[in-house]
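Just remember that this note's numbering sits 103 ahead of the position in the sequence shown, which is counted from 1.
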Amino acid sequence: LFSVPLDFSCRDYPLFYPLALVWGWLGASRESLAASWFLVCLFTLSTAGLLAASMLKYGVKWALLSGLFLASTPQFIGIGSSQYADIIVSYFFLAGTVLVAIALEEGNECAATLAGFVMASAGFVKNEGLLFFAVVSVALLLTARVKCLFRVFLGAAPMLVVIVLFKLRAAVSNDSVSLHNFIQAMHFGGHREKISAIVLAVLKEARHESRWAYSWFWLVAAFSLFFRPALKETARWLFITLIFMAIGYAVVYWLSPLDLERNLKTSIDRILLQVFPLTAYFVFKCFRESAA
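The structure is reproduced here in structure tokens:
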């Protein structure tokens, strides 16, 4: 964390992914593409397996259905095998969510502590992990889950310290989200056009048949039909999390000094991938509980 090469590091991309690759090279005794392939395949399979495992309490059929739903989505497999860090972020998002759900539904304090560590770990992969951790914390606070929130912060503390040290040590600052950008965005206006551009980009990507095979439309339709469990006390925090994550992503796009159209074109597919397994978990959970 305090090595000299960090003088050339960018705070936008913390160290989890490159360190994992280096560990793979050490294991192979040479720099090899096999390390990166193994890593992304591990996290891709683990994400699908974790979703299936989270549904296993409802029966083997539901576990297989949910896991195969992810595996049959072209974009999930495509991005997951393309050596992007987003599949790792996606795994940590889902793992943290499942652990929080276990903590709330079963009163398992150890699960809440582990959830904090897992969610904070996502922030050591990409900055979106910090957004997710903040959003889940707010959702738990709004749903009066103070005891669970305390355990989550307790588990997150070690990784948050590491992330803060990295942010202070890395040489290149993150200018995507800053007070200066907020003032500039408010000054220049064009808010309606920017919001429209963001919404249209999401809709265009979601209906991309060869990427998502209408998976997003299925999730929205299923949620629309079986939304009542989402309003239950046990699932309300997760519903708030998804809403706030969408708002958070939109705000980051809105504040970014990069060209909005180009920024959306080059990243919206990976942003959707980050929350895709999480959304699938939420919808399958609501669908199964409504069917019961």
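Just so you know, even glycine gets a beta-carbon here, dropped at the ideal spot from N, CA and C.
The Cβ atoms of Q186 and S112 do not sit closer than 8 Å to each other. The criterion of a C-beta distance shorter than 8 Å is satisfied by L197 and Y384. Out of A218, L245 and A225, the CA that lies nearest to the CA of R254 is found in A218. For the pair of segments examined, the segment 367 to 377 was found to touch the segment 303 to 317: the number of CB pairs separated by less than 8 Å reaches three. Exposure of P121 is indicated by the presence of fewer than 16 other C-beta atoms within 10 angstroms of its C-beta.
As DSSP reads the structure, V275 sits in a beta bridge with C113. Per DSSP, reduced to three states, the secondary structure at Q178 is helical. Residues of the same chain with a CB within less than 7 Å of the CB of N366, apart from the 5 flanking positions on each side, are Y356 and S359 in chain order. DSSP places G226 in the coil class of the three-state scheme, outside both helix and strand. Contact between I180 and T150 does not hold, since the beta-carbon distance rounds to 11 Å and is not under 8 Å. Looking at the backbone, the Cα of R314 and that of I182 are separated by about 10 Å. The DSSP-derived three-state label of Q377 is helix. Exposure of W126 is indicated by the presence of fewer than 16 other C-beta atoms within 10 angstroms of its C-beta.
Sorting A156, I346 and A300 by C-alpha distance to the C-alpha of D362 places A300 at the top. The shortest C-alpha to C-alpha distance from L341 to any of L202, L159 and N211 is the one to L202. Considered as a whole, the segment 291 to 315 harbours 294 to 309 and 312 to 315 as its complete alpha helix (DSSP H) runs of no fewer than 4 residues, in chain order. Nearest to A242 by C-alpha distance, out of L153, V265 and I346, is I346. If you check the CB distance, L142 and L167 do not come in under 8 Å. In the DSSP annotation of this structure, the continuous segment of the alpha helix (DSSP H) that includes G127 starts and ends at F119 to A131.
Under the three-state reduction of DSSP output, Y384 falls in the helix class.
Excluding sequence positions up to five before and after L322, its CB lies within less than 6 Å of the CB of T382 and V386, all in the same chain and listed in chain order. Taking L245 as reference, the option from R339, V221 and I298 with the minimal CA-CA separation is R339.
Using a 10 angstroms sphere on the CB of E209, the tally of other CB atoms stays under 16, which defines it as exposed. A distance below 8 Å separates the beta carbons of L118 and F269.
Closest by C-alpha distance to D189, out of R133, L263 and P380, is P380. Shown here for D110: same chain residues with a beta carbon closer than 8 Å to its own, the five before and five after excluded, namely A274 in chain order.
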